[in-house]
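First up is the structure itself, then whatever we jot down about it.
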Amino acid sequence: MVSKRVRGDKGFTLIEVMVALTIISVLTAALVPMVVSSIQRIKLAGQKAQELSEQQGIMERRLSGETITHPGIRIPLKMPHAAEPEYIPGGLIETGSFVSFVAD
Amino acid sequence: MKLRDERGMIAIGGAVMLIVVLPLLATALWQYSMFEMKQVDRREKELQALYLARAGAEAAIHLWMDKPVSQRPEGKFERVYYDPASKGFSLSQPSNALGYFDVEIRQVEDPSVPTKRYTEIISTAVVADVTRTVRATTYPFLFGHELGWYSESSGLINSNEGFLFDSTDGLVRVAASSPIRFRENTLPNRAARFSAKTLVFEVPLNLAYRQTTSYTLSADAWAIQSKTLPIVAETIFFDDVIMLRAPSNYGFSDITYSVELRVPEGLGVPGTSIGGVPGSRYGYVFFDGDKVEVQEYRWGRVLFFYRLVEQNSFSSIFHPSDGQRLAGRAFYFRDGMNLLRPQPGDLIPLDQESTRRDLLEQIRPFVWE
Chain U
1 MVSKRVRGDK GFTLIEVMVA LTIISVLTAA LVPMVVSSIQ RIKLAGQKAQ ELSEQQGIME
61 RRLSGETITH PGIRIPLKMP HAAEPEYIPG GLIETGSFVS FVAD
Chain X
1001 MKLRDERGMI AIGGAVMLIV VLPLLATALW QYSMFEMKQV DRREKELQAL YLARAGAEAA
1061 IHLWMDKPVS QRPEGKFERV YYDPASKGFS LSQPSNALGY FDVEIRQVED PSVPTKRYTE
1121 IISTAVVADV TRTVRATTYP FLFGHELGWY SESSGLINSN EGFLFDSTDG LVRVAASSPI
1181 RFRENTLPNR AARFSAKTLV FEVPLNLAYR QTTSYTLSAD AWAIQSKTLP IVAETIFFDD
1241 VIMLRAPSNY GFSDITYSVE LRVPEGLGVP GTSIGGVPGS RYGYVFFDGD KVEVQEYRWG
1301 RVLFFYRLVE QNSFSSIFHP SDGQRLAGRA FYFRDGMNLL RPQPGDLIPL DQESTRRDLL
1361 EQIRPFVWE
């Protein structure tokens, strides 16, 4: 009874299986790196967002405490009609890629 | 036959899944990841622009607060670039600028109280394609002519018949097209009192300006009397201050037009805390102009007609203890002192740079928006 059913059912041919495997392989080869890089990018974006948030916190604390990281910086301010700019002395507050200024 | 067909359908379904749906899912994931990255990059640039804009506003605030009233800047400054390589700010664009900021200082009206105005500092920074703006707003103010103290066009001080021109508190700016001065023939007790918590003179207070009266009969000349302008404020920023003095002659007495400085009730600092006279209260006065002096007049006579005649002679007012000129300096002033004749203990020198900033910050700190 069992052997009769096995014999009666026609399975996939070797060629069909090979074609199916080829399609799966090609798709996998194309999609897996894309999926992996996407997941990595999402992870990276999450980490960067976290870093930005931390840097922002540090920056705000430094600004409120006027914690200068690079002293001796001047900002030139010049009105269009003025002959020379006026230099505002102060220091730079730098955290990561953020930069601001506190006057002396 | 039927079974074969069903198997084929399953195979086709599986193939479609693999060929269409999986790439779609993968593409969606890729797009999401790219969007996330762009969002984070944009957030970073937004914060960079925000802090750069803040740097510009901070510099402008510092410049504004350290300037004497008459020299305070207003308008748009030239663009300033930041170069991360040299960690420097410059007016010319460096090759690798992180971004730049534009700063403007302007006066705006308070929409809820049209007569009240503010000084606003607006700094806009651009990093790549991201723009951020910060606003710093300083204290509200009124103009003295809006309170009826003087005429804005002529600078003539009004008489206070009927009511007093007091401001309750806050900051009042005294600005006019001509120096602030007495009206001729104003009785001494009819001068307006300039009263506010903080008073800022943006024009000279020149009580000797055009005070030459026409010749009058001696009976009328007797009506000319000394006058005092009471200035009641905890903090006063002066431009030039010029008073008037005419020595007695022809039987007429000394005439002086002077300024009396008073501290409003409940304000000021006690004398004991600053080395002043115990029991006295002191306010703050900044002589930001070039002159604190008295212009000499004399009594002139033609037959039976007399008048005060202007002399081209000015005498500086000196500090009674250190003998230095008052112009360009800052002091604690004693409540009730007369500026024409400062007495020892009337004026205690103070560090004007730090005090100026501290006082302005007490009035109302710059508010970041």
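So the protein lines, in turn, are chains U and X. Quick note, in the numbering used here, the first sequence goes up one by one and the last residue is 104. Quick note, in the numbering used here, the second sequence goes up one by one and the last residue is 1369. Where a beta carbon is used, it is the ideal one built from N, C-alpha and C, also for glycine. The model shown is predicted, which means the values in this text are computed figures rather than measured ones.
If the criterion is Cβ atoms closer than 8 Å, does the pair residue i and residue j meet it?
{"i": "Ala1125 of chain X", "j": "Ala1053 of chain X", "result": "yes"}
{"i": "Gly91 of chain U", "j": "Gly72 of chain U", "result": "yes"}
{"i": "Leu1171 of chain X", "j": "Thr1198 of chain X", "result": "yes"}
{"i": "Ile88 of chain U", "j": "Ile75 of chain U", "result": "yes"}
{"i": "Gly1271 of chain X", "j": "Val1277 of chain X", "result": "yes"}
{"i": "Ile1274 of chain X", "j": "Tyr1284 of chain X", "result": "no"}
{"i": "Ser53 of chain U", "j": "Ala1055 of chain X", "result": "no"}
{"i": "Val1103 of chain X", "j": "Leu1091 of chain X", "result": "no"}
{"i": "Tyr1306 of chain X", "j": "Ala1196 of chain X", "result": "no"}
{"i": "Ala1223 of chain X", "j": "Tyr1257 of chain X", "result": "no"}
{"i": "Ile1242 of chain X", "j": "Glu1293 of chain X", "result": "yes"}
{"i": "Phe1238 of chain X", "j": "Gly1289 of chain X", "result": "yes"}
{"i": "Phe1077 of chain X", "j": "Lys48 of chain U", "result": "no"}
{"i": "Val1309 of chain X", "j": "Thr1228 of chain X", "result": "no"}
{"i": "Ile1255 of chain X", "j": "Ser1226 of chain X", "result": "yes"}
{"i": "Ile23 of chain U", "j": "Ala1015 of chain X", "result": "yes"}
{"i": "Arg1106 of chain X", "j": "Phe1141 of chain X", "result": "no"}
{"i": "Leu1339 of chain X", "j": "Leu1267 of chain X", "result": "no"}
{"i": "His70 of chain U", "j": "Glu94 of chain U", "result": "yes"}
{"i": "Gly96 of chain U", "j": "Gln55 of chain U", "result": "yes"}
{"i": "Ile1157 of chain X", "j": "Arg1173 of chain X", "result": "no"}
Does any CB atom of chain X fall closer than 8 Å to the CB of residue i?
{"i": "Ser64 of chain U", "result": "no"}
{"i": "Ile73 of chain U", "result": "yes"}
{"i": "Leu14 of chain U", "result": "no"}
{"i": "Met18 of chain U", "result": "no"}
{"i": "Arg41 of chain U", "result": "yes"}
{"i": "Ala83 of chain U", "result": "no"}
{"i": "Ser100 of chain U", "result": "yes"}
{"i": "Val36 of chain U", "result": "no"}
Does the beta carbon of residue i come closer than 8 Å to any beta carbon on chain U?
{"i": "Gln1107 of chain X", "result": "no"}
{"i": "Lys1087 of chain X", "result": "yes"}
{"i": "Leu1022 of chain X", "result": "yes"}
{"i": "Gly1013 of chain X", "result": "no"}
{"i": "Gly1162 of chain X", "result": "Note that Gly1162 of chain X scores a pLDDT of 48, beneath 50, so its modelled location is shaky and nothing firm can be said."}
{"i": "Ala1125 of chain X", "result": "no"}
{"i": "Pro1094 of chain X", "result": "no"}
{"i": "Gln1352 of chain X", "result": "no"}
{"i": "Gln1071 of chain X", "result": "no"}
{"i": "Tyr1032 of chain X", "result": "yes"}
{"i": "Arg1054 of chain X", "result": "yes"}
{"i": "Arg1043 of chain X", "result": "yes"}
{"i": "Glu1036 of chain X", "result": "yes"}
{"i": "Leu1018 of chain X", "result": "yes"}
{"i": "Gln1048 of chain X", "result": "yes"}
{"i": "His1319 of chain X", "result": "no"}
{"i": "Ala1175 of chain X", "result": "no"}
{"i": "Tyr1209 of chain X", "result": "no"}
Measure the beta-carbon distance from residue i to residue j and round it to whole angstroms, keeping in mind my assumption that it falls under 8 Å.
{"i": "Gln1343 of chain X", "j": "Pro1320 of chain X", "result": "6 Å"}
{"i": "Ala1219 of chain X", "j": "Arg1298 of chain X", "result": "With 8 Å as the limit, Ala1219 of chain X and Arg1298 of chain X do not qualify as a contact, their Cβ atoms being about 20 Å apart."}
{"i": "Ala1330 of chain X", "j": "Thr1355 of chain X", "result": "6 Å"}
{"i": "Ala1057 of chain X", "j": "Ile1121 of chain X", "result": "5 Å"}
{"i": "Leu63 of chain U", "j": "Leu1018 of chain X", "result": "Leu63 of chain U to Leu1018 of chain X, Cβ: 55 Å. No contact."}
{"i": "Gln1324 of chain X", "j": "Phe1318 of chain X", "result": "7 Å"}
{"i": "Met1337 of chain X", "j": "Asp1351 of chain X", "result": "In fact, because the Cβ distance is near 20 Å, the residues do not count as touching under 8 Å."}
{"i": "Phe1089 of chain X", "j": "Trp1149 of chain X", "result": "With 8 Å as the limit, Phe1089 of chain X and Trp1149 of chain X do not qualify as a contact, their Cβ atoms being about 42 Å apart."}
Exposed or buried, what is residue i when buried is set at 16 or more other beta-carbons lying within 10 Å of its beta-carbon?
{"i": "Pro33 of chain U", "result": "exposed"}
{"i": "Gln1048 of chain X", "result": "buried"}
{"i": "Phe1035 of chain X", "result": "exposed"}
{"i": "Tyr1250 of chain X", "result": "exposed"}
{"i": "Arg1132 of chain X", "result": "buried"}
{"i": "Gly1162 of chain X", "result": "Note on Gly1162 of chain X: pLDDT 48, under 50, position unreliable in the model; no value is reported."}
{"i": "Ser25 of chain U", "result": "exposed"}
{"i": "Gln50 of chain U", "result": "exposed"}
{"i": "Leu1003 of chain X", "result": "Unreliable positioning characterises Leu1003 of chain X in this predicted model, as indicated by a pLDDT of 47, which lies under 50. A coordinate reading is not provided."}
{"i": "Gly1155 of chain X", "result": "buried"}
{"i": "Ala1059 of chain X", "result": "buried"}
{"i": "Thr13 of chain U", "result": "exposed"}
{"i": "Ser1316 of chain X", "result": "exposed"}
{"i": "Gly1013 of chain X", "result": "exposed"}
{"i": "Ser1313 of chain X", "result": "exposed"}
{"i": "Gly1144 of chain X", "result": "buried"}
{"i": "Asn1322 of chain X", "result": "The identity of residue 1322 of chain X in the sequence shown is Asp, whereas the question assumes Asn. Result: exposed."}
{"i": "Ser1248 of chain X", "result": "exposed"}
{"i": "Met1009 of chain X", "result": "exposed"}
Original post:
Curious, which full-length beta strand (DSSP E) runs of at least 3 residues does the region 1242-1283 of chain X contain?
Top reply: Qualifying beta strand (DSSP E) stretches, in chain order: 1255-1262.
Original post:
Unbroken beta strand (DSSP E) runs of length 3 or more, entirely within the region 62-89 of chain U: which are they?
Top reply: Fully contained in the region 62-89 of chain U are the following beta strand (DSSP E) runs of length 3 or more, in chain order: 70-77.
Subject >> Continuous beta strand (DSSP E) assignments of at least 3 residues falling wholly in the region 1290-1338 of chain X >> reply: Runs found: 1292-1302, 1305-1316, 1330-1334.
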